[in-house]
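Protein chains in written order, with our numbering: chain H, 800 to 1108; chain R, 1474 to 1900. Below is one structure, written out as structure tokens; the observations come after it.
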């Protein structure tokens, strides 16, 4: 398949067949992960800059591992070491990065729209690893890839996304992605953590978790940012955990074999009970390994694009 | 009849070809045009094929001087006004230092006299509270005497209703109207994006329309209780319009303005593929929905909204060329207001009466400024307008230092060819 996109800004850019092509490529890389030598020379001599203006361990490491397994050279630019902390503008950072002529830049930034800002100014591929509250396409891809591997097909399944939807780029991208793949999406959160115009989204909205989990096939928990209490959106964490924390009682209300996902890092005992996080139905660690292979697929598709033209 | 010193020959006024006779800066007479004219020693301005329009008034601009001259200064702002068709402009007090004492007011006026001695006329707006802090009243007697035409805390609305009430009362002793920037001080402050479907999808912090309407309601109740006038700046949503209409029906002394960008753009602009997250459309109050825009047209056409005003808010390009959350709010308007709003008249969305009222008679009557209605004795403030000339909005064609407008790159129709203030050619 000829890859048409220069950048990955959100999953809304992708057609269903392109998503399937990513899954297929990721599936091939997954077989590779079972071998003793996991590295292939596919991207030898190509370079990827990992530009993380917001702290991240797992996404950054995942991209780093993905790049290295494909033999690409990966370079890290984290906020603490980057000139952003010295007051350099994003535009100047972008131009500096451009001058280093990388083949791809993976960007994580605390502002919605920042990945697009970079993509408009750079010739290389820009992969959005999370921009503000807007989008986290690679998370949505790895989440649905995980479910796809588990079920064979996501279409027709009912998936509940639980937690701080309003501030979540993971939720935004997953709503788009799961709808694209034909799943039914439910959202559950207190009204204060719902986007103001959630009624216009292709989802069912719940404020009562006991209702929301009924007959769902999977629950995606979102991480609760602890500062939401300070912002006046929640009374306190104890009440949140008791009202919106997922536990075994909820799992019993859902469909049998309900799958539990969490993008990490988890607040055990707040949005998810500790025993659920470790239970057999939890896909949390599968998500991590899916993360590496789907990001390998994305780096491969976006970085070898020019060679095919 | 006084000695005629200027004749505008063969201009088109309200669809008729006329000659306009001017003496000592005032209009003397307007006659059906004659081809061969006995001009005596009067200056003649040939205007065949050009539309004659009364100079406009903009009661809401930011000239940035003193303090932010890299964004705009009095000289460049008045240049943009002159070419934009404006003879009167009122500039807000959020400079550095704030215009809360006579030295700053006098300095602004001195600069205007120095660079644009024949106009456009500059009418500074004094701070309503010292340093715009919302805590203590500004010395309004001093400011009024120095030349401030109104008072406002624009940009940083007074949080305390108690102080706001006292400020409106105190301003009335100096016959000055208070202009209020209506924005709830706690909800989505200066987010620059409307809270709704678009902000929800883009993941941007946003301001709901009720944040504006709540303060509009407060101001209406205050104006009614105090029996004093309050002018509402840059109204952007239907909820506010409904409240203003209700207030006017009750006889409350409320007046209001809206800005051209609310008539030309909606929040959808921020989601269009080519312009997603365009910081040039980040403005406070934000671009709202189609329904809000429809309400603006209804309100302008029926007079619920009295004035148009640009809220000309120039910023340096590097300040706007940044992350959306980081960029300052504001759109420039002096250069483009005439072309865009005249187009709305031609498109049948805005009546010609509303256009003329909103840009000339209404603002001048609220703030007691000179106005030309083409009656004998009116100031000879007018411009000749080529309605068909197309121009592309670009960094080069804008006279303002501020190039921050979502109109960049678009082609507009209509250009000022020459502009007279009190019978003197300014450009």
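Just so it is clear, CB atoms sit at the ideal spot from N, CA and C, and this is done for glycine as well. Bear in mind the structure is a predicted one, so any value in this text is a computation, not a measurement.
field: Below-7 Å beta-carbon distance, residue 999(H) vs any chain R residue
entry: The residue given as residue 999(H) occupies position 200 in the first chain. Judged by the 7 Å Cβ criterion, residue 999(H) is in contact with chain R.
- request: Return the chain-ordered list of same chain residues with a C-beta closer than 8 Å to the C-beta of residue 1798(R), the five sequence neighbours on each side being excluded.
  value: As a first step, residue 1798(R) is located in the second chain; it is residue number 325 there, counting from the start. Here the set comprises 1677 and 1678.
field: According to DSSP, residues forming a beta bridge with residue 1597(R)
entry: The residue labelled residue 1597(R) in the question sits at position 124 within the second chain. Its beta-bridge partners are 1564(R).
query: Per DSSP, which one or two residues make a beta bridge with residue 875(H)?
result: On the first chain, position 76 is the one that residue 875(H) refers to. Answer is 849(H), bridged to residue 875(H).
- prompt: Going straight from the alpha carbon of residue 1108(H) to that of residue 904(H), what length do you get?
  reply: As a working note, residue 1108(H) is residue 309 in the first chain. As a working note, residue 904(H) is residue 105 in the first chain. A caution first: residue 1108(H) carries a pLDDT of 42, below 50, which makes its placement in the model unreliable, though a value can still be read off. Straight-line Cα distance between these residues: approximately 20 Å.
- request: Please list, in chain order, all residues of the same chain as residue 991(H) whose beta carbon is under 6 Å from its beta carbon, the five residues on each side excluded.
  value: If you number the first chain from 1, residue 991(H) lands on position 192. Counting only Cβ-Cβ distances below 6 Å, and skipping sequence neighbours, we find 1032.
- request: Can you tell me the Cβ-Cβ gap for residue 1711(R) and residue 1779(R), rounded? I've got them flagged as a contact below 8 Å.
  value: Here residue 1711(R) corresponds to residue number 238 of the second chain, with the count starting at 1. Here residue 1779(R) corresponds to residue number 306 of the second chain, with the count starting at 1. No, residue 1711(R) and residue 1779(R) are not in contact; Cβ-Cβ is about 17 Å, not under 8 Å.
message: Suppose the cutoff is 6 Å on Cβ atoms and the five residues either side in sequence are ignored; what does the same chain contact list for residue 1524(R) look like?
response: Counted from its first residue, the second chain places residue 1524(R) at position 51. 1485, 1858 and 1860.
query: Leaving out the 5 sequence neighbours to the left and right, which residues in its chain are closer than 6 Å to residue 1843(R) when beta-carbon positions are compared?
result: In the second chain, the residue the question calls residue 1843(R) occupies position 370. These residues qualify, in order along the chain: 1852.
message: Can you tell me whether residue 1888(R) is helix, strand or coil according to DSSP?
response: Mapped onto the second chain, residue 1888(R) falls at position 415. Residue 1888(R): strand per DSSP, three-state reduction.
message: Check whether the stretch 1624-1633 of chain R and the stretch 1569-1578 of chain R touch, using three or more Cβ-Cβ pairs below 8 Å as the test.
response: no
message: For residue 762(H), count the other beta carbons within 10 Å of its own beta carbon; 16 or more makes it buried, fewer makes it exposed. Which is it?
response: Beyond the ends of chain H as shown, which are 800 and 1108, falls residue 762(H); an answer cannot be given.
message: Tell me the rounded alpha-carbon separation between residue 852(H) and residue 1791(R).
response: For the purposes of this step, residue 852(H) is identified with residue 53 of the first chain, where counting begins at 1. For the purposes of this step, residue 1791(R) is identified with residue 318 of the second chain, where counting begins at 1. For residue 852(H) and residue 1791(R), the distance between alpha carbons rounds to 20 Å.
- prompt: Does residue 1687(R) get closer than 7 Å to chain H when you measure Cβ to Cβ?
  reply: Position 214 of the second chain, counted from the first residue, corresponds to residue 1687(R). So no, residue 1687(R) is outside the interface.
task: Pick helix, strand or coil for residue 1555(R), following the three-state DSSP scheme.
output: By one-based count along the second chain, residue 1555(R) stands at place 82. Looking at residue 1555(R) - three-state DSSP - the assignment turns out to be helix.
message: Using only the alpha-carbon positions, how far apart do residue 1812(R) and residue 1885(R) sit?
response: Reading the second chain from its first residue, position 339 is the one you call residue 1812(R). Reading the second chain from its first residue, position 412 is the one you call residue 1885(R). Roughly 6 Å separates the two Cα atoms.
message: Taking the straight line between their C-alpha atoms, what separation do you get for residue 1788(R) and residue 1568(R)?
response: Within the second chain, residue 1788(R) is the residue found at index 315, counting from 1. Within the second chain, residue 1568(R) is the residue found at index 95, counting from 1. Those two C-alpha atoms are separated by around 13 Å.
- prompt: Does any C-beta atom of chain R lie closer than 7 Å to the C-beta of residue 1062(H)?
  reply: In the first chain, residue 1062(H) corresponds to position 263, counting from 1. Not one chain R Cβ lies under 7 Å of residue 1062(H).
task: Taking the CB atoms as reference points, tell me whether residue 1814(R) and residue 1785(R) lie closer together than 7 Å.
output: Here the question's residue 1814(R) lines up with position 341 in the second chain. Here the question's residue 1785(R) lines up with position 312 in the second chain. Against a cut-off of 7 Å, the Cβ pair of residue 1785(R) and residue 1814(R) comes out as no contact.
Closer than 7 Å at the beta carbon, the chain H residues around residue 1677(R): Here the question's residue 1677(R) lines up with position 204 in the second chain. Ordered by position in chain H, the residues that pass the 7 Å Cβ test against residue 1677(R) are 911.
message: Is there a C-beta anywhere in chain R that falls below 7 Å from the one on residue 1027(H)?
response: For the purposes of this step, residue 1027(H) is taken as residue 228 along the first chain, with counting starting at 1. False, the Cβ-Cβ gap to chain R never drops below 7 Å.
task: Kindly indicate if chain H contains any beta-carbon less than 7 Å away from that of residue 1673(R).
output: The residue labelled residue 1673(R) in the question sits at position 200 within the second chain. Yes, its Cβ sits closer than 7 Å to a Cβ of chain H.
query: For residue 831(H), which residues of its own chain have a beta-carbon under 7 Å away from its beta-carbon, when the five flanking residues on both sides are left out?
result: Here residue 831(H) refers to the residue found at position 32 of the first chain. Only 837 and 839 meet the Cβ criterion.
task: Starting from the C-beta of residue 869(H), find all residues in its chain whose C-beta is less than 7 Å away, skip the five residues before and the five after it, and write them out in chain order.
output: For the purposes of this step, residue 869(H) is taken as the residue at position 70 of the first chain. These residues qualify, in order along the chain: 839, 841, 842, 1095, 1098 and 1099.
message: Less than 7 Å between CB atoms is the rule here; does residue 1738(R) satisfy it with respect to chain H?
response: Along the second chain, read from residue 1 onward, the residue named residue 1738(R) stands at position 265. For residue 1738(R), the answer is no, since every Cβ of chain H falls outside 7 Å of its Cβ.
- prompt: Skipping 5 residues on each side, what residues in its chain have a beta carbon closer than 8 Å to that of residue 931(H)?
  reply: Along the first chain, read from residue 1 onward, the residue named residue 931(H) stands at position 132. For residue 931(H), where only same-chain residues beyond five positions count, the Cβ hits under 8 Å are 908, 909, 910, 911, 912, 913 and 968.
- prompt: Does residue 915(H) come within less than 7 Å of chain R when only Cβ atoms are used?
  reply: Here residue 915(H) refers to the residue found at position 116 when the first chain is read from its first residue. It does: the Cβ of residue 915(H) has a partner Cβ on chain R nearer than 7 Å.
Beta-carbon gap between residue 861(H) and residue 1090(H) smaller than 7 Å: Mapped onto the first chain, residue 861(H) falls at position 62. Mapped onto the first chain, residue 1090(H) falls at position 291. Closer than 7 Å, so yes.
- prompt: Which bits of chain R does residue 931(H) rub up against, with CB to CB less than 8 Å?
  reply: Counted from its first residue, the first chain places residue 931(H) at position 132. Near residue 931(H) (Cβ distances below 8 Å), the residues of chain R are 1676, 1677 and 1798.
query: Which one or two residues does DSSP pair with residue 1524(R) in a beta bridge?
result: Working through the second chain from its first residue, we reach residue 1524(R) at position 51. Partner(s): 1485(R) and 1858(R).
query: So which residues of chain H does residue 1669(R) contact, with C-beta pairs closer than 8 Å?
result: One-based indexing of the second chain puts residue 1669(R) at position 196. In chain order: 995 and 996.
task: Identify, in the order they occur along the chain, each residue of the same chain with its Cβ nearer than 7 Å to the Cβ of residue 828(H), setting aside the five sequence neighbours on each side.
output: Here residue 828(H) refers to the residue found at position 29 when the first chain is read from its first residue. Result list for residue 828(H): 1092, 1095 and 1096, in chain order.
Distance between residue 1832(R) and residue 1826(R) (C-alpha atoms, nearest Å): The sequence position of residue 1826(R) within the second chain is 353, counting from 1. The sequence position of residue 1832(R) within the second chain is 359, counting from 1. C-alpha separation (whole angstroms): 10 Å.
- request: Closer than 8 Å by C-beta to residue 949(H): which residues in its own chain qualify, once you throw out the five before and the five after it? Chain order, please.
  value: By 1-based counting over the first chain, the position of residue 949(H) is 150. 1058, 1082 and 1085, listed in sequence order.
- request: Mind checking the stretch 888-904 of chain H against chain R and listing, in chain order, the residues whose C-beta falls within less than 8 Å of any C-beta there?
  value: 888, 889 and 890
- prompt: So, is residue 1841(R) buried or exposed, given that buried needs 16 or more other C-beta atoms within 10 angstroms?
  reply: Looking up residue 1841(R) in the second chain gives position 368. The residue in question, residue 1841(R), is exposed, as its Cβ has fewer than 16 Cβ neighbours within 10 Å.
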